[in-house]
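S.K.:
Residue numbers (our numbering): 13 to 55.
#1: When you compare only the Cα positions, how much space is there between residue 24 and residue 36?
#2: Where does residue 31 sit, in a helix, a strand or coil, going by DSSP?
#3: Taking the continuous alpha helix (DSSP H) assigned at residue 43, which residues delimit it?
Here's what the structure looks like:
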């Protein structure tokens, strides 16, 4: 099993990359807008 760990990781990432990235980016635009406004002392 140990010799196949990297291969398994690569296959899983290749198959689920789009889902992972979609989930990671969800809500980022709203978060970033809020952060920019807070940092500029507008709020």
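Note that beta-carbon positions come from the ideal geometry of N, C-alpha and C, so glycine has one too.
M.R.: Judging by the given coordinates:
#1: Residue mapping note: residue 24 aligns to position 12 of the chain shown, counting from 1. Residue mapping note: residue 36 aligns to position 24 of the chain shown, counting from 1. C-alpha separation (whole angstroms): 16 Å.
#2: Locating residue 31 in the chain shown gives position 19, counting from the first residue. In the structure shown, residue 31 sits in a helix (DSSP, three-state: H, G or I).
#3: Locating residue 43 in the chain shown gives position 31, where the first residue counts as 1. Residue 43 -> alpha helix (DSSP H) spans 40 to 51.
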